[in-house]
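Student: Here it is: the structure, laid out below.
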Amino acid sequence: MRRVQEAEPAAGGVGRDVGFVGLFRAEYPAIVGLITVVVGDRAVAEDLTQDAFSQAHQRWDRIAGYERPGAWVRRVALNAALSWRRTRQREVRALRRLDVERRIEAPEVSEVWRAVAALPGQQRAAVALFYVEDRTTAEIADILGCSESTARVHLHRGRQALGIALGARSE
Numbered sequence: 769m770r771r772v773q774e775a776e777p778a779a780g781g782v783g784r785d786v787g788f789v790g791l792f793r794a795e796y797p798a799i800v801g802l803i804t805v806v807v808g809d810r811a812v813a814e815d816l817t818q819d820a821f822s823q824a825h826q827r828w829d830r831i832a833g834y835e836r837p838g839a840w841v842r843r844v845a846l847n848a849a850l851s852w853r854r855t856r857q858r859e860v861r862a863l864r865r866l867d868v869e870r871r872i873e874a875p876e877v878s879e880v881w882r883a884v885a886a887l888p889g890q891q892r893a894a895v896a897l898f899y900v901e902d903r904t905t906a907e908i909a910d911i912l913g914c915s916e917s918t919a920r921v922h923l924h925r926g927r928q929a930l931g932i933a934l935g936a937r938s939e
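In the numbering used here, each residue's number is its place in the sequence shown (first place is 1) plus 768.
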């Protein structure tokens, strides 16, 4: 078994000089927080984040050479979270057809984050990255794998939808 190199994270993010253990220590809490916002359930977020880090560990020889391996892990975790949400929505629709009640949100999730959770996937991810992790639109674009202008559109549309949803609820 080879030894994993550990290093302190570079200012402004975790760079390629950090070993897997260093990446995990530096990024895990933030990614769990981000994914919790996207899925609305901390336990599920922890599972999805751990799965993303597991994939990173399996591919570490390649990912270690990336300038920002944390962005790769975020993208994998976000994709898994969005997939989990789609599956969950299909389950809820099927249960409604069967007339079965099921609580779908954690009680500690605020009204604002419930509204964020109701956004379409890319908008939800962009809003979470911007407000939870204080990411720039360039970083959001990199993590989501789209152009910066597309990331700005996702963020703008997400904000508009939140304004409508939260404005309607307050009236």
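Think of the CB as a built atom: it goes at the ideal place given N, C-alpha and C, for glycine as much as any other residue. These numbers come from a predicted model, not from an experiment.
Taking the alpha-carbon positions, what's the ARG842 to LEU930 distance?
Tutor: The residue labelled residue 842 in the question sits at position 74 within the sequence shown. The residue labelled residue 930 in the question sits at position 162 within the sequence shown. Answer to the nearest angstrom: the Cα atoms are 23 Å apart.
Student: Measure the CB-CB distance between VAL844 and ASP819 and report whether it falls below 9 Å.
Tutor: Position 76 of the sequence shown, counting from 1, holds the residue named residue 844. Position 51 of the sequence shown, counting from 1, holds the residue named residue 819. In this structure, ASP819 lies closer than 9 Å to VAL844 by Cβ.
Student: With DSSP run on the structure shown, which of helix, strand or coil describes LEU887?
Tutor: For the purposes of this step, residue 887 is taken as residue 119 along the sequence shown, with counting starting at 1. Of the three classes helix, strand and coil, the one that applies to LEU887 here is coil, per DSSP.
Student: What residue range is occupied by the uninterrupted alpha helix (DSSP H) comprising GLU907?
Tutor: Translated into positions along the sequence shown, residue 907 becomes position 139. Residues 905-912.
Student: Measuring straight from C-alpha to C-alpha, what distance separates ARG892 and GLY787?
Tutor: In the sequence shown, the residue the question calls residue 892 occupies position 124. In the sequence shown, the residue the question calls residue 787 occupies position 19. In a straight line, the C-alpha of ARG892 is about 30 Å away from that of GLY787.
Student: Using the Cα positions of PRO888 and ASP815, report the straight-line distance between them to the nearest angstrom.
Tutor: By 1-based counting over the sequence shown, the position of residue 888 is 120. By 1-based counting over the sequence shown, the position of residue 815 is 47. Each residue's alpha carbon lies about 22 Å from the other.
Student: What are the boundary residues of the alpha helix (DSSP H) that includes GLU901?
Tutor: If you number the sequence shown from 1, residue 901 lands on position 133. Premise fails: GLU901 is in no alpha helix (DSSP H) and is neither H nor E.
Student: Spell out whether any CB of chain B is found under 9 Å from the CB atom of ARG793.
Tutor: Here chain B cannot be found, since the structure has a single protein chain.
Student: Is TYR796 helix, strand or coil when you go by DSSP?
Tutor: Locating residue 796 in the sequence shown gives position 28, counting from the first residue. In the structure shown, TYR796 sits in a helix (DSSP, three-state: H, G or I).
Student: With DSSP collapsed to three states, give me the class of ALA813.
Tutor: If you number the sequence shown from 1, residue 813 lands on position 45. Three-state DSSP puts ALA813 in a helix.
Student: State buried or exposed for HIS924, treating a residue as buried only when at least 16 other CB atoms are found within 10 Å of its CB.
Tutor: In the sequence shown, residue 924 corresponds to position 156, counting from 1. Exposed is the call here.
Student: Give me, in chain order, the residues of the same chain whose beta-carbon lies closer than 6 Å to that of ALA885; leave out the 5 immediate sequence neighbours on both sides.
Tutor: Counted from its first residue, the sequence shown places residue 885 at position 117. So the list reads GLY808, once near-sequence residues are dropped.
Student: In whole angstroms, what is the alpha-carbon distance linking ALA849 and VAL900?
Tutor: Taking the first residue of the sequence shown as position 1, residue 849 is located at position 81. Taking the first residue of the sequence shown as position 1, residue 900 is located at position 132. Spanning the two alpha carbons is a distance of roughly 15 Å.
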